[in-house]
Amino acid sequence: MSERPSCFGASPMPVRYIDVETAARLLPGCRRLLVLGCSGSGKSTLSRKLGELLDLPHISMDREVFWLPGWQQRPREEAVKRIVEIAATSRWIMDGTSPGTLPIRLPRADIVIWMRPPRLVSLYGVLSRGIRYRGRSRPEMADGCPERVTLEFLRYVWNFERHSAPQVDAQLAAFSGEVSVLTLRSHAASERLLVSMGERAFVSG
1 MSERPSCFGA
11 SPMPVRYIDV
21 ETAARLLPGC
31 RRLLVLGCSG
41 SGKSTLSRKL
51 GELLDLPHIS
61 MDREVFWLPG
71 WQQRPREEAV
81 KRIVEIAATS
91 RWIMDGTSPG
101 TLPIRLPRAD
111 IVIWMRPPRL
121 VSLYGVLSRG
131 IRYRGRSRPE
141 MADGCPERVT
151 LEFLRYVWNF
161 ERHSAPQVDA
171 QLAAFSGEVS
181 VLTLRSHAAS
191 ERLLVSMGER
201 AFVSG
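When you line the sequence shown up against full-length UniProt numbering, it's residues 1 to 205, in that order.
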């Protein structure tokens, strides 16, 4: 469980915040990535694209952990067990925020990508995918969970920076292990990362 990849040196370091270019340089040597962010922020799209570039399996926590068909929540004890099992595997990009489970996931992560666009961007993302997948399950959601947009869910998105983001920041601040954190505050920043990753892959290939 303590094995670390080549993107880190031999000596442990505390959480450090990095820029896009540094992340693009480190990511090819990493094997386990966490992608955090509000619903609609673009974290699933970025996770899929990074998975293709880095040849890492994309794990959606909504699909693999939290939800059962018919919008039934998986029992917490079972969900935590699944998170522990997934985190213990050697290679993944895990897409899902869930601040309460970060103490399980952070010790295994090499890099955290923390997506924090303006809330209107996330609201637009939620509403647009609600239209796109109306009446059916999107790829990142469990089967039998057709896309829905409720008032409660919209409130969650609107208040994410006030209620949920501070919990994530607190978990990162409390973490004593070694991990790098890239904060992306726009889709343009996400695109810069992908472009830089693609260019590096082309040069190295």
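Where is the CB? At the ideal position from N, CA and C, for every residue including glycine.
Any C-beta of chain D under 8 angstroms from that of residue i
i	result
L106	Absent from the structure: chain D. Only one protein chain is present.
Proximity of residue i and residue j at Cβ, strictly below 8 angstroms
i	j	result
S39	D95	no
V126	T101	no
S180	L26	yes
R108	A87	yes
Which of helix, strand or coil DSSP assigns to residue i
i	result
V20	helix
S196	helix
G42	coil
V84	helix
T101	helix
P117	coil
V15	coil
Residue i, buried or exposed, once every other Cβ within 10 Å from all chains shown has been counted against 16
i	result
R105	buried
residue 206	What the structure shows of the chain is the stretch from 1 to 205, and residue 206 is not part of that stretch, so it cannot be assessed.
D143	exposed
A10	Because the pLDDT of A10 is 40, which lies under 50, any placement of that residue in the model is unreliable, and the number read from its coordinates should be weighed accordingly. Exposed: under 16 other Cβ atoms inside 10 Å.
S122	buried
G198	exposed
P166	exposed
L33	buried
L151	exposed
Residues sharing a beta bridge with residue i, DSSP
i	result
V112	L34, V181
M94	L34, I59
W67	Q73
> Could you give the uninterrupted runs of the alpha helix (DSSP H) lying entirely in the region 132 to 185, keeping only those of 4 residues or more?
Replying inline: The qualifying runs are 151 to 158, 160 to 163, 165 to 174.
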